[in-house]
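The structure appears right after this line, and notes come after that.
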Ligand SMILES: [Zn+2]
Ligand SMILES: [Zn+2]
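In my numbering, the protein residues as written are 136 to 209.
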């Protein structure tokens with residue numbers, strides 16, 4: 136089954152329609168899915184290069200990001 140991951144907060148779901156749900160980290164206030172539709176071994180921040188196996192680390196502070204949180208590549 137496909138897994139959708141929000142690039143702004145790391146929320147994961149099997150239901151792509153959850154994109155309509157509120158996302159506190161997103162500039163447009165809704166989840167936005169990464170292109171990858173599976174769980175990854177590693178998530179990389181597009182602004183600072185931080186890497187982790189926990190997508191929820193998107194909620195951590197990022198010095199380089201315009202919205203002050205990590206944002207996942209891909
Ligand atoms: Zn989100
Ligand atoms: Zn970052």
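Note that CB positions come from ideal geometry on N, CA and C, so glycine has one too.
Nothing here was measured: the structure is a model prediction, and the numbers come from that model.
For the putative contact between residue i and residue j, defined by C-beta atoms under 8 Å, what is the C-beta separation to the nearest angstrom?
| i | j | result |
| --- | --- | --- |
| residue 136 | residue 157 | Their Cβ separation, rounded to whole angstroms, is 24 Å, which puts residue 136 and residue 157 out of contact at 8 Å. |
| residue 188 | residue 176 | 6 Å |
| residue 182 | residue 200 | 4 Å |
| residue 185 | residue 166 | Contact flag wrong, Cβ pair sits at about 20 Å. |
(message) Beta-carbon distances below 5 Å to any heavy atom of ligand 2 define the shell here; list its residues in chain order, please.
(response) 180, 182, 183, 185, 197 and 205
(request) May I have all residues whose beta carbon comes closer than 6 Å to any heavy atom of ligand 1, sorted in chain order? (result) 141, 143, 144, 146, 158, 160, 161 and 166
(request) Entirely within the region 161 to 196 and at least 3 residues each: give me those beta strand (DSSP E) ranges in chain order. (result) none
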